[in-house]
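Per the numbering used here, the very first residue in the sequence shown carries number 22; after that it's consecutive.
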Amino acid sequence: MARSFVGFDIGTDNVKVAFRDRGLRFLSRRLPENVMNEEGIVSPQVMAEFLKKLRVEEGIRDRDCAIVLTEQRSYFRHVSLPPMTTSELKINLPYEFRDFITEDPDAYAYDYAVDDMVCDEDGRLVRMELYASAVRRSVMDTYADILKHAGFRLRVVTPSSMAYMHLMHAHNVEHPEDAGRDIVVVDIGYNQMNISLFEDDRFMGSRVVDSGCVDVDSAIAEMRDVDLHVAGTYRDSNFEGVLDTDRCRSVFDRLVFEVSKVVNFYNFSNPDKDIKGIYLSGGGAAIPQLVSAMGMDFDYPVWYVNAFMPDEVRTRTDNIVCSLAYAALVAGEEASRGA
22 MARSFVGFDI GTDNVKVAFR DRGLRFLSRR LPENVMNEEG IVSPQVMAEF LKKLRVEEGI
82 RDRDCAIVLT EQRSYFRHVS LPPMTTSELK INLPYEFRDF ITEDPDAYAY DYAVDDMVCD
142 EDGRLVRMEL YASAVRRSVM DTYADILKHA GFRLRVVTPS SMAYMHLMHA HNVEHPEDAG
202 RDIVVVDIGY NQMNISLFED DRFMGSRVVD SGCVDVDSAI AEMRDVDLHV AGTYRDSNFE
262 GVLDTDRCRS VFDRLVFEVS KVVNFYNFSN PDKDIKGIYL SGGGAAIPQL VSAMGMDFDY
322 PVWYVNAFMP DEVRTRTDNI VCSLAYAALV AGEEASRGA
């Protein structure tokens, strides 16, 4: 039986949490100013106190937790390797990230999940298809220490693409009619948008665009002569209709254009694929004006990633930005049952 987990998605400007308490609960809280930046956590002590206060105030009883890391803080890719033992994999996995990691490979922790084992006509294993990940050890240690001081136990660290695979797989088991589709997931974060192609629940590749909610906040900050942190609160509440201004609409159009370029690239590079829909997640998915602009631009249906959540919660509005936190929860529970 799987243990109950708390799922965390700690972004640049807010933290999202998913946990079970007589049903699923979702939390999204704006982080104190200057706790995080593009490079990661600036003030671990403040972060730990913030998460501890959140745990106590919200009555989160579970202690085991899983955290999802975006492409800014982890590497994730699909690799094909000849048959080898676990000990041989341990030696060879760092080599698969040689194009991404230019520093000491020992500074990173590596892991993998099996996608497929390919055999020849005689049943002999000839190739292993794997999903491989690499995370800087210092990043894992920092998060583990912060969560420990906040009263949690870090058990699982998963890249966002792998977390989405767990989420989609769990959904397809319950809804087999949705299996086998090619889809695009657009995670609209604060500094970046990660645009990923999935075949069924298998990750096929991703592209990162260095634009996101910070572009909206920058426009608001200039219009209202406030700093970025205050501008973010204006974005959250659409203060005085700021998201309906021509300046913000221009930003939304530019973000949509960047996404459309990547989707068109996927179509051109994968003519055998038939994309059935675009699924939005991240803080940008909570901006109705941006979601509307996405829907008007694409010929495909545009949904929220929470369409992959359980039936009883998929229509709730409090989980729109918490999809990765829930995906982390699912990844943690699957890991605890040995899935």
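Heads up, the beta-carbon is just placed ideally off N, CA and C, and yes, glycines get one too.
Quick caveat: nothing in here was measured; it's all calculated off a predicted structure.
query, result
"Does the pairing of the stretch 192-207 with the stretch 278-295 give three or more beta-carbon distances under 8 Å?", "yes"
"Since S154 is in the beta strand (DSSP E), which residue starts that stretch and which ends it?", "L146 to R157"
"What's the C-alpha gap between K169 and L102?", "37 Å"
"I'd like to confirm the pairing. Which residues does DSSP put opposite D137 in its beta bridges?", "E150"
"Could you tell me if R94 is buried or exposed, where buried requires 16 or more neighbouring beta carbons within 10 angstroms of its beta carbon?", "buried"
"Could you please give the first and the last residue of the uninterrupted alpha helix (DSSP H) stretch that includes V67?", "P65 to E79"
"Measuring only the C-alpha atoms, how far is L350 from V36?", "14 Å"
"Hey, would you say G304 sits closer than 8 Å to G32, going by beta carbons?", "yes"
"Which complete alpha helix (DSSP H) runs does the stretch 237-267 hold, if anything under 4 residues is left out?", "249-258"
"Tell me which residues share the same chain as G253 and place their Cβ nearer than 6 Å to its Cβ, disregarding the 5 neighbours each side in the sequence.", "D34 and D238"
"If you compare alpha carbons, which of A130, A184 and A314 is closest to A87?", "A184"
"Determine the direct distance from the alpha carbon of V67 to that of V355, and round the result to whole angstroms.", "Here residue 355 is Glu; the residue named in the question, Val, does not match the sequence. Distance between the alpha carbons of E355 and V67 is about 31 Å."
"Going by alpha carbons, who is nearest to L48 out of D30, I62 and V63?", "D30"
"By DSSP's criteria, S227 is part of a beta bridge. Which residues make up the other side?", "S217"
"Compute the beta-carbon to beta-carbon distance between R158 and A130, rounded to the nearest angstrom, for a pair I have assumed lies under 8 Å.", "5 Å"
"Using only the alpha-carbon positions, how far apart do E109 and S181 sit?", "26 Å"
"Should N215 go down as buried or exposed, given a rule of 16 or more other Cβ atoms within 10 Å for buried?", "buried"
"In chain order, what residues of the same chain have a beta carbon less than 6 Å from the beta carbon of R41, not counting five sequence neighbours either side?", "S25"
"Using 10 angstroms around the beta-carbon of I81, count the other beta-carbons present and answer buried if the total reaches 16, otherwise exposed.", "buried"
"To the nearest angstrom, how far is the alpha carbon of S232 from that of P331?", "30 Å"
"According to DSSP, is R358 helix, strand or coil?", "coil"
"Taking just the CA atoms, how far does E79 sit from V263?", "31 Å"
"If contact is defined by three or more beta carbon pairs under 8 Å, each pair taking one atom from either stretch, is the stretch 146-155 in contact with the stretch 313-323?", "no"
"Going by DSSP, what residue range makes up the beta strand (DSSP E) through Y325?", "V323 to Y325"
"Using 10 angstroms around the beta-carbon of H196, count the other beta-carbons present and answer buried if the total reaches 16, otherwise exposed.", "exposed"
"Label T338 either buried or exposed according to how many other C-beta atoms from any shown protein chain fall within 10 Å of its C-beta, with 16 as the threshold for buried.", "exposed"
"Assuming contact is defined by CB atoms lying nearer than 8 Å, are R223 and A240 in contact in what I supplied?", "no"
"Bridge partners of K365, per DSSP?", "An answer regarding residue 365 cannot be provided, because it is not within the stretch 22 to 360 covered by the chain."
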